[in-house]
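Inspection log for the structure reproduced underneath, given as structure tokens.
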Amino acid sequence: MEERAYTISMLVTNRPGVTSRVTGLFSGRGYNMESICGAPTHDPDVSRITIKTKATPEKFEEIRKQINRLIDVIKLRDMTVEEKTVQREMALISMEIVSRTQTELTEMVASCGAKIINESADSYIIEVTGTEEEVNGLIDRLAPFGIKKLTRSGVLALYRELDDSHRRVES
Numbered sequence: 009m010e011e012r013a014y015t016i017s018m019l020v021t022n023r024p025g026v027t028s029r030v031t032g033l034f035s036g037r038g039y040n041m042e043s044i045c046g047a048p049t050h051d052p053d054v055s056r057i058t059i060k061t062k063a064t065p066e067k068f069e070e071i072r073k074q075i076n077r078l079i080d081v082i083k084l085r086d087m088t089v090e091e092k093t094v095q096r097e098m099a100l101i102s103m104e105i106v107s108r109t110q111t112e113l114t115e116m117v118a119s120c121g122a123k124i125i126n127e128s129a130d131s132y133i134i135e136v137t138g139t140e141e142e143v144n145g146l147i148d149r150l151a152p153f154g155i156k157k158l159t160r161s162g163v164l165a166l167y168r169e170l171d172d173s174h175r176r177v178e179s
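Here my numbering is used: the first residue of the sequence shown is 9, the next is one more, and so on.
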């Protein structure tokens, strides 16, 4: 069976070593991790870790079962179906600017919905937020101008609709 991309989001207790245990599970079992992004949620005792992985459907089910066995995992969600989720990545891109390309570069950044967040005498730092395809598209368009440095956040994802556990109970 062919591998495909999956996005997993999990709520975990916000304690030292939790991310290490999750990544250790992936490396110890030979699972591929394309990206990982983790940070505290609105509740300081809970963090969200989002992982993008490639696997066969059978291997993905195995990954889910193994993660669910980890003691600090509160809730695990499959965020793969993009129609049900909002998924975004962010990238910061450092570009050297020269006078002959400065106008074209500025116009391209604006036309892609990105923005220049730092401008110095010889370089720009560009911020782009969007789907993986949108971020890749801008990177591909900027490549001929000479990208000097690049960093990406990895995917973040939330369900579009609240589930029952998120709704207020009216009395």
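Just so you know, even glycine gets a beta-carbon here, dropped at the ideal spot from N, CA and C.
Taking the C-beta atoms as reference points, Ile57 is found nearer than 8 Å to Val20. Rounded to whole angstroms, the gap between the alpha carbons of Gly154 and Glu104 is 7 Å.
The beta carbon of Arg168 sits closer than 7 Å to those of Lys92, Thr93, Val94, all from its chain and outside the five residues before and after it, given in chain order. If only uninterrupted beta strand (DSSP E) runs of at least 3 residues are considered, those enclosed by the stretch 71-154 are 81-86, 93-104, 123-127, 131-138. If you compare the alpha carbons of Ile59, Ser28, Phe34, Ile134 with that of Gly162, the shortest gap goes to Ile59.
If you look at Val54, you'll find it in the beta strand (DSSP E) that goes 54-63. In this structure, Arg29 lies away from Asp86, with their beta-carbon atoms at least 8 Å apart.
With contacts defined as CB atoms closer than 8 Å, Ala122 and Ile133 fail to qualify as a contacting pair.
Ile75 is classed as buried because its beta carbon has at least 16 other beta carbons within 10 Å across all chains shown.
For Leu100 and Ile82, the gap between their C-alpha atoms comes out near 32 Å.
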